Amino acid sequence: MPEGFVSRRQQAQMRRQELIDAALHEFAQKGYDGASIRAIAHRAGVTEALVYHYFRNKEHLFEEVIKARSFAPVLRRVLDEAGDAHPSVVLHRLLGEFLDLLWYNASMARMFIIEFMRNPVCARYFRAMVEENTANLTRYLEQQQQRGIFRVDIDAQSAAEMLLGMAFSLFFAWGQVSEREWLQHRDRFLRYSIPLALSGLYVQPTQTRDT
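What the sequence shown shows, in my numbering, is residues 1048 to 1258, in sequence order.
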């Protein structure tokens, strides 16, 4: 194949990604109801017919945008690479990457926050994302219970919801400040809040009473 040659398959993949990127900006600026296939096509510099060639309708395109910006692949990668690393290290990295993804996709994340309460389509996909992330993290926490690191009397799903919820709440509170201020809040959260949360999960050594 000549150097610089791009196959039709590669061209199609590139075009599809361009449409997803255009849709991301359109959904982030106008919300789900406000965005339209016509506006997305205009932003991408193509015809509406070409958009429909790659995506069945607006909801299908919205679903692909969500997949492209989902935290689930990142979460799975971090957990797959964890090996025997201590959970404090793994969770510090995992939640740090979660916060980074929220920050660098802030407009999309804020759109979800707004649309979640009023749009059933957005609510359905948002819940699906939350459930997938929670399920994956729950399995990891259960593994740590089996290893004897975390207490077995703790509900792993509740712990997973708490950890992810804490991170999302931080973004909700501070996601619109300057990058410098955001990084200060992010780093403080990872340095102090995560160890504090984990302290309640660890198996404590048996205490002996002085006689």
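Every residue, glycine too, gets a C-beta built ideally from N, C-alpha and C. Nothing here was measured: the structure is a model prediction, and the numbers come from that model.
Kindly indicate which three-state DSSP category residue i falls into: helix, strand or coil?
i, result
"Phe1118", "coil"
"Phe1102", "coil"
"Thr1255", "Because Thr1255 sits at a pLDDT of 42, beneath the cut-off of 50, its placement in the model cannot be relied upon, and the following sentence gives the value as read from the coordinates. DSSP places Thr1255 in coil when its eight states are reduced to three."
"Ala1244", "helix"
"Gln1081", "As written in the sequence, residue 1081 is Gly, which differs from the Gln given in the question. Looking at Gly1081 - three-state DSSP - the assignment turns out to be helix."
"Ala1086", "helix"
"Gly1212", "helix"
"Thr1094", "coil"
"Ala1182", "helix"
Would you decide whether residue i is buried or exposed? Buried here means 16 or more other CB atoms lie within 10 Å of its CB.
i, result
"Tyr1172", "buried"
"Met1061", "exposed"
"Thr1094", "exposed"
"Lys1114", "exposed"
"Leu1243", "exposed"
"Met1155", "buried"
"Val1112", "buried"
"Tyr1079", "buried"
"Tyr1239", "exposed"
"Val1136", "exposed"
"Met1164", "exposed"
"Glu1073", "buried"
"Ile1161", "exposed"
Checking the sheet assignment: what are the DSSP bridge partners for residue i?
i, result
"Phe1163", "BP columns for Phe1163 are empty, so no partner."
"Phe1197", "Tyr1249"
Can you find the residues in the same chain that come closer than 7 angstroms, C-beta to C-beta, to residue i, ignoring five residues on each side of it along the sequence?
i, result
"Asn1152", "Arg1116"
"Glu1106", "Val1168"
"Phe1118", "Phe1145, Leu1148 and Asn1180"
"Ala1129", "Val1137"
Which residues in the same chain as residue i place their Cβ atom closer than 6 angstroms to its Cβ, once the five residues preceding and following it in sequence are excluded?
i, result
"Leu1146", "Ala1214 and Arg1233"
"Thr1185", "Ala1203, Gln1204 and Ala1207"
"Gln1191", "Pro1134 and Phe1197"
"Ala1021", "It is not possible to answer for residue 1021, since the shown part of the chain is limited to 1048 through 1258."
"Leu1237", "His1139 and Gly1143"
"Leu1122", "Asn1180 and Asn1183"
"Gln1058", "none"
"Val1199", "Gln1192"
Under 8 angstroms Cβ to Cβ from residue i, same chain only, skipping five residues before and after it: list those, please.
i, result
"Glu1110", "Tyr1172"
Margin query: Three or more C-beta pairs under 8 angstroms: does that hold for the stretch 1060-1078 against the stretch 1099-1111?
Written below: yes
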